[in-house]
């Protein structure tokens, strides 16, 4: 018999069907047994009575057993219908049970919201945690958000292109995670903090409209809205100005989140300068919602524009505020090229904020070698040092690179806003712990001696190294 999804059972009233899934709750009542059964599509109640051989099997079932169940889809009496509940109008009269896999008692109750349970316990048994209703919903919201964003862009002639995960250490603003090369002893790859340089090179390659659901990996301090790994809806466009990119992304966000049933506070999105934002909110990301907006789960988007290009380091030198490949605003280009008025130069950067989080950030990019050289000179680099760091970009840009710009939208932060979660770990399938340990597995951990020898590495023990 062909499997029927639980969500489709109402179409089969009076018919015998087979469902497959997990026992959510089992209730043994002597001559009868009741079960709540779930699969990826939903829940249904089943009952066993009048069949001793089936009831005998039913009495052995516990929560999380994996089963194949045959039964008749019966309509509930009017007084027993559960209003507002999917399948609340039907019940499965179970005629046969096959146990596909037994299950031990889970370490925590999977029928309840697990947000209050110790995080390390949850992450050790993450695949169980992901079975819970809240986590199933979060993962599906994430999937739908990404799908709708991708479809919006693909319908507008974007080309999806993957960029490398093994790359060169680049100046993206955070520390790199590095990977030793077995074939090149003493040399290392870096994992990408973003596809920034590659997507600009794709503009140089003539693709004009690029999108990637990209992984970004950064060795930075962990907090509720920041982890070692995150995912971006990564976009780049040629022959555009700032408003072109912002309008494209604003349209995508509006269509995506409204189609998912959410309300946006203000359209078009307000545009606030960095100076205005700091004066009013004391930060460049802010929450414009009222208490009523929060209760109604309204999404308050805004653009922040006109950021300073440079800021002072602790050593008194200049560094970039966003990335070194941004284009200054047109009225500051001459100052940049002369290395003057540095503290007042504004960049073409734009950030999308929502409900107190930075939801995305981008800029119009420098597309001429001399502009990038000027940026690196402001930051104290000699011509030779600039060549060493970004010579490949300078070389590529000598061959007719179009004006271009783009943005990266953080999937986790956007999904946090859609679900109401306050930690990115609640919207990632297998996140790191607060201490930087992997979920389920036990990384980081030492390599074996053979592995170290093969890679040409040695490890110096630290005084606080317990391993």
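Residue numbers (the working numbering): 7 to 473.
Positions of the beta carbon are idealized from the N, C-alpha and C atoms, including for glycine.
Beta-ladder partner(s) of residue i, from DSSP
| i | result |
| --- | --- |
| residue 305 | 270 |
| residue 318 | 324 |
| residue 334 | 353 |
| residue 236 | 222 |
| residue 278 | 310 |
| residue 410 | 244 |
| residue 216 | 165 and 242 |
| residue 415 | 239 and 366 |
| residue 196 | 173 and 184 |
| residue 23 | 77 |
| residue 29 | 43 |
| residue 9 | 24 |
| residue 3 | No answer is possible for residue 3: it lies beyond the span of the chain, which begins at 7 and ends at 473. |
Buried or exposed (CB count within 10 angstroms, at least 16 for buried), residue i
| i | result |
| --- | --- |
| residue 190 | exposed |
| residue 198 | buried |
| residue 405 | exposed |
| residue 9 | exposed |
| residue 455 | exposed |
| residue 490 | Outside the displayed span of the chain (7 to 473) sits residue 490, for which this structure offers no information. |
| residue 220 | buried |
| residue 258 | buried |
| residue 434 | buried |
| residue 349 | exposed |
| residue 336 | exposed |
| residue 308 | buried |
| residue 122 | exposed |
| residue 367 | buried |
| residue 334 | buried |
| residue 399 | buried |
| residue 460 | exposed |
| residue 451 | exposed |
Spatially closest choice to residue i from the options, by CA coordinates
| i | options | result |
| --- | --- | --- |
| residue 409 | 382, 209, 198 and 363 | 209 |
| residue 331 | 238, 454, 201 and 318 | 201 |
| residue 165 | 134, 218, 125 and 80 | 218 |
| residue 419 | 351, 238 and 154 | 238 |
| residue 306 | 45, 271 and 392 | 271 |
| residue 265 | 311, 329, 151 and 186 | 151 |
| residue 378 | 14, 397, 213 and 25 | 397 |
| residue 352 | 341, 136 and 358 | 341 |
| residue 45 | 18, 384, 36 and 71 | 71 |
| residue 494 | 143, 127, 334 and 244 | What the structure shows of the chain is the stretch from 7 to 473, and residue 494 is not part of that stretch, so it cannot be assessed. |
| residue 120 | 101, 142, 100 and 32 | 142 |
| residue 279 | 359, 371, 185 and 333 | 359 |
| residue 36 | 60, 49 and 19 | 60 |
| residue 426 | 390, 361 and 414 | 361 |
| residue 415 | 268, 376, 254 and 295 | 254 |
| residue 298 | 368, 276 and 269 | 269 |
| residue 76 | 47, 21, 34 and 133 | 21 |
| residue 144 | 441, 432 and 450 | 432 |
| residue 230 | 281, 91, 216 and 363 | 363 |
| residue 401 | 283, 65 and 374 | 374 |
Alpha carbon of residue i to alpha carbon of residue j, nearest angstrom
| i | j | result |
| --- | --- | --- |
| residue 93 | residue 69 | 20 Å |
| residue 103 | residue 62 | 10 Å |
| residue 292 | residue 365 | 11 Å |
| residue 473 | residue 428 | Unreliable placement is indicated for residue 473, whose pLDDT of 47 sits below 50; the coordinate value is still reported in the next sentence. Residue 473 and residue 428: Cα-Cα distance of roughly 34 Å. |
| residue 88 | residue 41 | 16 Å |
| residue 458 | residue 192 | 12 Å |
| residue 85 | residue 39 | 21 Å |
| residue 108 | residue 130 | 20 Å |
| residue 23 | residue 13 | 13 Å |
| residue 380 | residue 344 | 8 Å |
| residue 149 | residue 260 | 17 Å |
| residue 354 | residue 388 | 25 Å |
| residue 157 | residue 262 | 9 Å |
| residue 328 | residue 315 | 7 Å |
| residue 28 | residue 439 | 28 Å |
| residue 19 | residue 99 | 11 Å |
| residue 421 | residue 371 | 27 Å |
| residue 392 | residue 384 | 11 Å |
| residue 369 | residue 110 | 52 Å |
| residue 445 | residue 181 | 22 Å |
| residue 194 | residue 303 | 46 Å |
| residue 15 | residue 56 | 22 Å |
| residue 184 | residue 17 | 54 Å |
| residue 347 | residue 338 | 9 Å |
| residue 322 | residue 252 | 34 Å |
Check: residue i C-beta below 6 Å from any heavy atom of the ligand HEM
| i | result |
| --- | --- |
| residue 224 | As presented, the structure is devoid of all ligands, the ligand HEM included, so that no description of it is given. |
### Task
Kindly provide the ranges of any alpha helix (DSSP H) runs that are 4 or more residues long and lie completely inside the region 90 to 158, ordered along the chain.
125 to 130 and 132 to 135
#### Entry: Entirely enclosed beta strand (DSSP E) segments - the region 40 to 90, minimum 3 residues
Runs of the beta strand (DSSP E) inside the region 40 to 90: 48 to 54 and 72 to 81.
### Message
I'd like the ranges of any alpha helix (DSSP H) spanning at least 4 consecutive residues and lying wholly in the region 379 to 452.
### Response
Fully enclosed alpha helix (DSSP H) runs of 4 or longer: 389 to 402 and 417 to 425.
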